[in-house]
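One structure below.
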Amino acid sequence: MVGFFQSDVYFRDYPIIKSVIPRSLIAKAAEHMRVNYGIERETHAVALHLRRGDYTRMRHVFEELPLSYYDTALRQLLGGFLLRDIVCAYEGKGHQVKVLIFCEETLFGDTAVGYFASKYAGLDVSLVHATNEVNAPFQSGVECPRDVLELLMIHLCSDVVMANSTFSWWGAYLNEKPLRRVVAPSKWFVQDPYPSSNHLYCDDWILL
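As structure tokens, then:
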């Protein structure tokens with residue numbers, strides 16, 4: 024079979040699809056997040072996926088999402104947490120909220136980190152960096168390809184802010200964190216004749 028399969032229409036009658044990821048891999052991804060990003064079980068981690076790469080050459084097809092989209096999404100998800108995290112930083116109480124930025128372009132990812140870190144002083148923002156994720160070895164010695172590991176990391180975050188991409192879609196769709204929230208762009212494609220994107224969204228996703 025060939026396709027993107029980025030619609031709940033295909034799977035809503037087959038919930039077993041969300042159980043296909045081996046639990047051992049999920050556990051090892053959680054270990055990786057703890058060791059490399061300080062994300063413990065009680066941490067409220069928010070995944071921001073910024074899709075770049077070939078999308079920068081396909082602006083006539085895919086809507087290019089500005090940083091303001093991610094900023095609005097973060098404000099909607101965290102609200103008072105942003106202010107509380109800033110206050111905690113000044114009072115030396117540490118962080119309970121962490122933001123992970125996933126981006127295949129390091130320079131653009133660093134720009135996004137700088138934007139959020141400067142706008143929300145005290146907010147813990149990290150770029151999921153290729154040097155950590157390329158075939159990252161786990162303590163067991165097993166290696167996990169970067170794309171698989173990053174998908175699992177999104178799957179484990181408390182909230183997800185998607186890009187208009189298949190990778191984002193699967194990371195959000197497979198995420199089964201209790202009370203998890205997903206923010207998705209309301210405009211996936213630039214214009215007709217590309218198909219309507221309504222079928223891409225799950226009922227409980229927040230559209231911006």
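First residue of the sequence shown: 24, per my numbering; consecutive thereafter.
Yeah, the Cβ is synthetic: ideal placement off N, Cα and C, and Gly gets one too.
Computed from a predicted model, the values in this text were never measured in an experiment.
Under the three-state DSSP convention, the category residue i falls into
i: His67; result: strand
i: Arg204; result: strand
i: Ser181; result: coil
i: His55; result: helix
i: Val151; result: coil
i: Lys210; result: coil
i: Ile124; result: strand
i: Leu73; result: strand
i: Ile229; result: strand
Within 8 angstroms, strictly: CB atoms of residue i and residue j
i: Leu231; j: Pro208; result: yes
i: Val120; j: Leu101; result: yes
i: Leu123; j: Tyr93; result: no
i: Gly137; j: Leu73; result: no
i: Asn198; j: Val183; result: yes
i: Ile49; j: Leu175; result: yes
i: Ala186; j: Leu88; result: yes
i: Ser188; j: Lys200; result: no
i: Lys51; j: Cys167; result: yes
i: Leu179; j: Ala53; result: yes
Spatial neighbours of residue i in its chain, beta-carbon cut-off 6 angstroms, leaving aside the 5 residues before and after
i: Leu97; result: none
i: Tyr196; result: none
i: Val148; result: Val122, Val136, Phe139 and Ala140
i: Thr66; result: Lys121
i: Val205; result: Val183, Ala195 and Trp228
Same chain, Cβ closer than 8 angstroms to residue i, neighbours up to 5 away in sequence not counted
i: Asp240; result: Missing from the structure shown is residue 240; the chain here goes from 24 to 231 and no further.
i: Thr95; result: Leu231
Rounded C-alpha distance that separates residue i from residue j
i: Gly103; j: Ile177; result: 23 angstroms
i: Arg64; j: Arg203; result: 14 angstroms
i: Gln99; j: Trp228; result: 13 angstroms
i: Ala135; j: Val43; result: 33 angstroms
i: Phe139; j: Phe125; result: 14 angstroms
i: Ser141; j: Trp211; result: 29 angstroms
i: Arg9; j: Gly194; result: No information on residue 9 is available, as it lies outside the stretch 24 to 231 that the chain covers here.
i: Asn59; j: Leu146; result: 17 angstroms
Residues near residue i by beta carbon distance below 7 angstroms, same chain, minus five either side
i: Ile62; result: Met56, Ala68 and Lys121
Interface flag, residue i vs chain B, CB-CB below 8 angstroms
i: Leu230; result: Protein chain content of the structure displayed is limited to a single chain, and chain B is not contained in it.
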